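Enquirer: With the numbering used here, the residue at position 126 of the sequence shown is 126, and numbering never jumps. Backbone N, C-alpha and C fix where the C-beta goes; we use that ideal spot for every residue, glycine too. Bear in mind the structure is a predicted one, so any value in this text is a computation, not a measurement. Sharing a structure below in structure tokens format, with a few things to ask.
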Amino acid sequence: MSDAITETSIEAKIDQINACVHCGYCLPACPTYLSTGNEGNSPRGRLYLIRDLIKGGVEDLGDTARGYLDNCLGCQACETSCPSGVEYIKLLEYAREERSQTHYNKGFWALVRRTAFQYFLPNRFLLNISRLGLRAMNAIYSTFPFLPKLVKIQPKLDFEYKQIETDRFYPSLSNLDNIDNPDHCLIFNLGCVMDTIYNQVHVDTIKLLNALGFHVYVPDSACCGALASHSGEFELGHKQRQEFMEKQVYNIDGLKINTIVSNSAGCGAFIKDEANELKVVDIAELLDVDNWQAPVSLDEFKASLMAKDDEAKLDVTYHPACHLNHAQGIQGVYEKLLSLVPSLNLKALYEADVCCGSAGFYNLIKPDMADDIGKRKAENIQNTEAKFVLTANPGCMSQIEAHLPEDYKVEHPISFLAKFL
Ligand code: SF4
Ligand code: SF4
């Protein structure tokens, strides 16, 4: 649990809850409210429940009330839309910690989840084995499609895994003159889920950063703890994040690198909270056309995007990942960047700012709700008539992919842009 929560008094928490003026602006932003139409599944309703929990303790909450709290995805869309600045997520973290002995942390999937956080995600060897396992399951399901699915949402993994060497420097050939400039050097972590199920995104990220003039150092890394924390295992997640950050001070042949870049919205949002002397940025921030930070000029980059101008226009839609959009407040960056691509026709997505239902392991813990939310997102995507979807988080990629027909393609915006280089 974050320090801010443990350190605030009961009165301060009640004050935070009372900051809610019940205006309801958060309701259309909340995926669980949109799915169920039930006030208990809304941010406003949950604030009442958290107040009951603070006043009466977890025993006073009935199963239905606990269910409403468990149903929250932690997407933070309610915070973005709240005119009163209610710090909902901190209160939710508190509530989840308080009722940690309830259903949410018991049972088969809770055990699977905890084992995965503690032993699998921090271990690259086990992650590679799990990828092979997922591939085997995909092969079995495609041969015997009538078999019952172990999990509703299984990534397709239809890519060739290209191992990225770690503890290695990938210098930019466009910018060798500045190899001694720490502002042009970045630490890039492979993390866990992105490398396991969408490894091509990492290959494309290094390619794009190098083309933009950044030198990229790839350390041997493990999970940063984001998944554990986003799934309610706050203590474990925060411990993993601390260990992760302590390993990140890099001094390569006298060159001290001071910026970590992430291409997974969830990881970036999480490690930013622990940033010490190191700066943590999401790759989208380096590509902000209004605040261009790459060594290679924006005009040069734009010129490469023009290269395929002769091609037929491709209809594309973009789903902003909640951890980019709401948690990090990075809004409109990819949309502006993509609008520079002449061969792309960016189609507006209805309810774009609403979560897709992925949220860490939510789709394992709450498969029915995740499925409902995923179907709504897929329907909105289909209404754009674009069959190409871009989104910058591995969880969103697999959730959206799983809910769309086979002829749709879901890609990270970095992979899309890397094709122009
Ligand atoms: S938008 Fe904020 S103030 Fe309004 S109901 Fe939601 S939480 Fe309360
Ligand atoms: S975090 Fe997301 S799911 Fe939870 S109450 Fe807020 S908008 Fe709804």
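Please confirm whether Thr80 and Ala139 have their CB atoms less than 8 angstroms apart.
Expert: no
Enquirer: Roughly how far, in whole angstroms, is the beta-carbon of Thr196 from the beta-carbon of Ser130, given that I think they are within contact range, below 8 angstroms?
Expert: 7 angstroms
Enquirer: In the DSSP assignment, what residue or residues form a beta bridge with Arg168?
Expert: Under DSSP, Arg168 takes part in a beta bridge, and its partners are Val218.
Enquirer: Can you tell me where the alpha helix (DSSP H) with Cys185 in it begins and where it stops?
Expert: Note, Cys185: premise wrong, no alpha helix (DSSP H); beta strand (DSSP E) at Cys185 to Phe188.
Enquirer: On the premise that Gly360 lies in contact with Gly329, defined as a C-beta separation below 8 angstroms, what is that separation, rounded to the nearest angstrom?
Expert: Wrong, their Cβ atoms sit about 20 angstroms apart, outside the cutoff.
Enquirer: Ignore the nearest five residues each way along the sequence and tell me which others in Thr205's own chain have a CB closer than 6 angstroms to its CB.
Expert: Asn263 and Ile414
Enquirer: Starting from Lys313 and walking both ways along the beta strand (DSSP E), at which residues does that stretch end?
Expert: Per DSSP, Lys313 lies in no beta strand (DSSP E) and is assigned neither H nor E.
Enquirer: Report yes if the CB atom of Leu349 is closer than 8 angstroms to the CB atom of Thr384, and no otherwise.
Expert: Taking a C-beta distance under 8 angstroms as the contact criterion, Leu349 and Thr384 qualify as a contact pair.
Enquirer: Leaving aside the five residues before and after Asp220 along the sequence, list all residues of the same chain whose C-beta is less than 6 angstroms from its C-beta, in chain order.
Expert: Thr166 and Asp167
Enquirer: Would the beta-carbon of Leu444 be found less than 7 angstroms away from any heavy atom of ligand 1?
Expert: As displayed, the chain neither begins before 1 nor continues past 421, which places residue 444 out of reach and without an answer.
Enquirer: Using the rule of at least 16 other Cβ atoms within 10 Å of the residue's Cβ for burial, across every protein chain shown, is Ser84 buried or exposed?
Expert: Around the C-beta of Ser84, fewer than 16 other C-beta atoms lie within 10 Å, and the residue is accordingly described as exposed.
Enquirer: Report yes if the C-beta of Tyr88 is less than 7 angstroms from at least one heavy atom of ligand 2; otherwise report no.
Expert: yes
Enquirer: Per DSSP, which one or two residues make a beta bridge with Asp273?
Expert: According to DSSP, which records beta bridges pairwise, Asp273 is partnered with nothing at all.
Enquirer: Tell me whether the segment 33–44 and the segment 314–326 touch, counting them as touching only if at least three CB pairs, one residue from each stretch, are closer than 8 angstroms.
Expert: no
Enquirer: Is the closest heavy atom of ligand 2 to the C-beta of Leu298 under 7 angstroms?
Expert: no
Enquirer: Within the continuous beta strand (DSSP E) that includes Lys347, where are the two ends?
Expert: Leu344 to Lys347
Enquirer: Nearest to Ile179 by CA position, among Leu390, Glu160 and Tyr217, is which residue?
Expert: Tyr217
Enquirer: Would Glu401 be called buried (16 or more neighbouring beta carbons within 10 Å of its own) or exposed?
Expert: buried
Enquirer: Does DSSP put Ile179 in a helix, a strand or coil?
Expert: coil
Enquirer: Are the beta-carbon atoms belonging to Val354 and Pro31 less than 8 angstroms from one another?
Expert: yes
Enquirer: Ser38 by DSSP, collapsed to three states: which one?
Expert: In the sequence as presented, Ser is not what sits at residue 38; that position holds Asn. In this structure, Asn38 counts as coil in the three-state DSSP scheme.
Enquirer: Please confirm whether Ile271 and Met245 have their CB atoms less than 8 angstroms apart.
Expert: yes
Enquirer: Using a Cβ-Cβ cut-off of 6 angstroms (strictly less than) and excluding sequence neighbours within five positions of Lys409, which residues of its own chain qualify?
Expert: Phe388
Enquirer: So what does DSSP say about Glu411, is it helix, strand or coil?
Expert: In the structure shown, the three-state DSSP call for Glu411 is strand.
Enquirer: With His403 and Gly374 assumed to form a contact (beta carbons below 8 angstroms), what rounded beta-carbon distance in angstroms separates them?
Expert: 4 angstroms
Enquirer: Could you tell me the alpha carbon to alpha carbon distance between Ala228 and Ala312, rounded to whole angstroms?
Expert: 43 angstroms
Enquirer: Write down the C-beta distance between Cys72 and Leu92 rounded to the nearest angstrom, noting that I regard them as a contact closer than 8 angstroms.
Expert: The C-beta distance from Cys72 to Leu92 rounds to 6 angstroms, short enough to fall under 8 angstroms.
Enquirer: Run the proximity test for Val21: is its beta-carbon closer than 7 angstroms to any non-hydrogen atom belonging to ligand 1?
Expert: yes
Enquirer: Sorted by chain position, which residues of the same chain lie with C-beta nearer than 8 angstroms to Leu340's C-beta, five sequence neighbours on each side aside?
Expert: Val289, Lys302 and Leu305
Enquirer: Which same chain residues, not among the five before or five after Glu351, have their C-beta less than 7 angstroms away from its C-beta?
Expert: Asn380
Enquirer: Between Pro31 and ligand 2, is the CB less than 7 angstroms from at least one heavy atom?
Expert: yes
Enquirer: How many whole angstroms separate the CB atoms of His215 and Gly266, which I take to be in contact at a CB cut-off of 8 angstroms?
Expert: Going by Cβ atoms, the distance from His215 to Gly266 rounds to 26 angstroms, so no, they are not a contact pair.
Enquirer: Anyone know if the C-beta pair for Ile260 and Val203 falls short of 8 angstroms?
Expert: no
Enquirer: Taking the alpha-carbon positions, what's the Leu286 to Asp299 distance?
Expert: 15 angstroms
Enquirer: In its own chain, which residues sit with a C-beta less than 7 angstroms from the C-beta of Phe169, not counting the 5 before and 5 after it?
Expert: His215, Tyr217 and Ile252.
Enquirer: My assumption, with CB atoms under 8 angstroms, is that Ala65 sits in contact with Leu49. Please give the rounded CB distance.
Expert: 5 angstroms
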